[in-house]
Structures are given as structure tokens and as C-alpha cells.
Amino acid sequence: MPLSSVELVARINVWRREKNAVIMAHHYVREEVQDIADCVADSLQLAQEAAKTSADVIVLCGVHFMAETAALISPDKKVLSPDLNAGCAMANMLTEEELCDLRAEHPRALVVTYVNSTAAIKAQSDICCTSANAVAVVKSLPADREIIFIPDRNLGAYVAKRAGRDLILWRDGFCPTHERMLPTFVETARREHPRAKLVVHPETQPAVAAVADFVGSTAGIFRYCRESSAAEFIIGTEIGVLPRLRRENPGKQFYPLTETADCPNMKLITLAKIARCLEREEPVVRVKPEIAARARAPIEKMLKVKS
Ligand code: 13P
Ligand code: SF4
Numbered sequence: 001m002p003l004s005s006v007e008l009v010a011r012i013n014v015w016r017r018e019k020n021a022v023i024m025a026h027h028y029v030r031e032e033v034q035d036i037a038d039c040v041a042d043s044l045q046l047a048q049e050a051a052k053t054s055a056d057v058i059v060l061c062g063v064h065f066m067a068e069t070a071a072l073i074s075p076d077k078k079v080l081s082p083d084l085n086a087g088c089a090m091a092n093m094l095t096e097e098e099l100c101d102l103r104a105e106h107p108r109a110l111v112v113t114y115v116n117s118t119a120a121i122k123a124q125s126d127i128c129c130t131s132a133n134a135v136a137v138v139k140s141l142p143a144d145r146e147i148i149f150i151p152d153r154n155l156g157a158y159v160a161k162r163a164g165r166d167l168i169l170w171r172d173g174f175c176p177t178h179e180r181m182l183p184t185f186v187e188t189a190r191r192e193h194p195r196a197k198l199v200v201h202p203e204t205q206p207a208v209a210a211v212a213d214f215v216g217s218t219a220g221i222f223r224y225c226r227e228s229s230a231a232e233f234i235i236g237t238e239i240g241v242l243p244r245l246r247r248e249n250p251g252k253q254f255y256p257l258t259e260t261a262d263c264p265n266m267k268l269i270t271l272a273k274i275a276r277c278l279e280r281e282e283p284v285v286r287v288k289p290e291i292a293a294r295a296r297a298p299i300e301k302m303l304k305v306k307s
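If you use the working numbering, the sequence shown corresponds to residues 1 to 307, in order.
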């Protein structure tokens, strides 16, 4: 018989103590996973936490690039992924060959790579960014250099506008979950909730981000909703953020821009898989040494940018 949630949590708690493990979770994973995590964070904070943790084992509850990033910046830790099939659809939308072609077309350009990418793509990049620091990263680069921004065309368009720089974008990179949020949904939601603030992630389409009251990373969205004096919010990001937004802001109302905005891969992470991976200490996330050596530098460079 499968174990109950209470039994699973009890086992997870024993193993995390015995093995000096830390459980890190992204804001989009299942609520019950967020509830048992030692930290729930956006991509930037997950990378920062992984860089400074004193734990021996990191259980990264999110999609693959997040676990890979932790493994790259904390090579002396054992990084576990409860499900190696939890990939990010966007990360597979640009191949190494396609990046080579882009670089050949713009040989003097610097390459800024969103962390939602493979280690092999990071290895060919000058600097990485997350949705939280992308504007600051681009602004930190010399004004006289061309910049290729990959792979997210929507985040790239938003950053170009905010940083006031022309960016060379990859036309075929986007997040299917955020791309699903159409401008017509905004019109409907605004009509239904005229007093609500529209709060979106920069992975949304430019036509959606352009009319939002706030655009920010998942952690930025939590901060904005907490600090805002408004009482109602339309949330344009993955629906996994909603339970905690509601719990942490009891007097406020939160409406999803669309109920269909879920990231199926984030939901692959379950309590049962966390318990199993902690017990067996596998699967371990490994990056080929020759790729890791080159992919680490752009992440470390990003972590030094003040945002
Ligand atoms: P954050 O940078 O806000 O964590 O977002 C990552 C992501 O995958 C959004 O879809
Ligand atoms: Fe990737 Fe989109 Fe899922 Fe974020 S929501 S992990 S960008 S597929």
C-alpha cells in the first residue's frame, strides 16, 4: 500500500536530518512539496541558496535546469532531482548548432543566456541571467557591444525595452505555459475585476506584459502583492503560486489570468519521489566535466551582478 502524505513527510524529515540535506523548491511545484521545503524561491534565489548552503545534499524540487545550475555552482555537493523527467520546455527550444549559427551571424556579440537553458548552451555563453536580474545583467554589459539574448523571446523583448538596448533575440524560444496567456484574457479579466492589479511574469507575451501594472519574477510577484495596498490581483504566471499568495495575504483576492497556466513538468515532483530520492540518494544530477567547466563561469558572473 502506498504511504500516506503524513508517513512520507515523517520519512523525509528523518532522512533530511540524517543526511544533512536541504530541500529547495520553486514556487511552481505542488503545494504539498512547497510546504515541506526548507526554502521556496525563484530561480535566482535557488541559485544563490545553492551557492551558500552548508548542507551535504541538495534536493532540488523544480525543473532540470534548476538542479543543473545548483550542481554547477556547488560541485562539492550531491544534488538530487526527484524526477529527471521534469524538464523545462523552453530549455529545449535552442540547440547548440542553432546558437553556433547565431554567433556566426553576429561574431562580435556577447551572449546573454536565460538560466532556462541546458548546460551545453550556458557553456557557450558570456553571462547568464534569470527573470529577476535580466535587466541588470544586460545593463552591466558594455554599451558598444551587440547582445544576443537567448532563448526566451518574450523575456528578451521585455528586457530590451526596460534596459533601452537593442537585443538580438531567438525567434523560436518561449515558455508554452506563459505563451498561453493571451491579450484577450487580459481584456476579460480586467472587465471581471476592474479594481484588480494585473501582475505578470516577463515570460508572458509582449502585448500582455506591456499592459501589466507589475512585471517581475515569481519572487518579485510575491513581494509586489505583499507590499501593494491593492486588495485584488490578476496573476499572469503559473498557477502554482496561487495557494501561497492567498495564504500569505489573507485580506486580498487573487485571480489567475487563466486556469490553464500550469507547468506539467513542475508538477512531476511529488512527496513520494522526494522520499525515494532522499532514501536512495539518487538520481544525482551530473553535468559532463568538460561542459561544467565552461558553464559555471557565466552563472558565477551573473551572481556577481547587483540587481
Ligand atoms: P523565475 O525566474 O521567476 O523563478 O521563473 C522561472 C520560470 O521558469 C518561469 O517560468
Ligand atoms: Fe519552463 Fe515554462 Fe515551466 Fe517555467 S513554466 S519551467 S519556463 S516550461
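The C-beta atom is built at its ideal place from N, Cα and C for all residues, glycine as well.
Residue from the options whose Cα sits closest to the Cα of residue i
i: M66; options: N13, D35, A55, L84; result: L84
i: V137; options: I121, A119, V115; result: V115
i: A47; options: R294, C128, F174; result: C128
i: M181; options: L198, E31, P194; result: L198
i: P327; options: C225, C88, A143; result: With the chain represented from 1 up to 307, any question about residue 327 goes unanswered, as that position is not in the structure.
i: R246; options: A120, R226, I269, L167; result: R226
i: A143; options: D166, V208, Q34, A134; result: D166
i: E259; options: K267, I239, I269; result: I239
i: Q34; options: I221, R153, I269, R108; result: I269
i: F174; options: H201, H106, T218, A104; result: H201
i: F222; options: L99, A132, L94; result: A132
i: R244; options: E7, M1, R30; result: R30
i: A261; options: L110, S307, F185, M302; result: F185
i: R286; options: H106, G164, A119; result: A119
i: E192; options: A37, T53, P256; result: P256
Limits of the alpha helix (DSSP H) - the one that residue i falls within
i: L278; result: 271–280
i: A295; result: 289–304
i: A21; result: A21 -> not in any alpha helix (DSSP H); beta strand (DSSP E) instead, spanning 21–26.
i: L102; result: 96–105
i: A163; result: 153–163
i: K122; result: 119–122
Three-state class that DSSP yields for residue i in the structure shown
i: R242; result: Checking the displayed sequence, the identity of residue 242 turns out to be Leu instead of Arg. Looking at L242 - three-state DSSP - the assignment turns out to be helix.
i: F174; result: coil
i: L80; result: strand
i: Q34; result: helix
i: L46; result: helix
i: E232; result: strand
i: L60; result: strand
i: A207; result: helix
i: P250; result: coil
i: I225; result: It should be noted that the sequence gives Cys, not Ile, for residue 225. Helix at C225.
i: A256; result: Looking at the sequence shown, residue 256 is not Ala but Pro. P256 falls in the strand class under three-state DSSP.
i: V29; result: coil
i: V137; result: helix
i: L169; result: strand
i: V285; result: coil
Host beta strand (DSSP E) of residue i (start-end)
i: V111; result: 110–114
i: V14; result: V14 -> not in any beta strand (DSSP E); alpha helix (DSSP H) instead, spanning 5–18.
i: K197; result: 197–200
i: V40; result: 39–41
i: C263; result: Premise fails: C263 is in no beta strand (DSSP E) and is neither H nor E.
With three or more beta-carbon pairs closer than 8 Å as the criterion, would you say the region 5–25 touches the region 231–248?
The region 5–25 makes no contact with the region 231–248: fewer than 3 CB pairs, one atom from each, lie closer than 8 Å.
Closer than 7 Å from C-beta to any heavy atom of the ligand SF4: which residues, in chain order?
What you get when you keep residues with a C-beta closer than 7 Å to any heavy atom of the ligand SF4 is Y28, V63, C88, A89, M90, A91, N116, C175, P176, T177, H178, E203, E238, C263, N265, M266.
Examine the Cβ distances between the region 250–263 and the region 31–47 and report whether three or more of them are shorter than 8 Å.
The region 250–263 and the region 31–47 do not touch, with fewer than 3 CB-CB distances between them shorter than 8 Å.
With three or more C-beta pairs closer than 8 Å as the rule, is the region 274–281 touching the region 2–15?
Taking 8 Å as the limit for Cβ pairs, the verdict is that the region 274–281 does touch the region 2–15.
Do the region 280–289 and the region 68–82 touch if we need at least three Cβ pairs shorter than 8 Å?
They touch, by the three-pair rule.
So, does the region 196–212 touch the region 154–172, judging by three or more C-beta pairs under 8 Å?
Yes, the region 196–212 touches the region 154–172.
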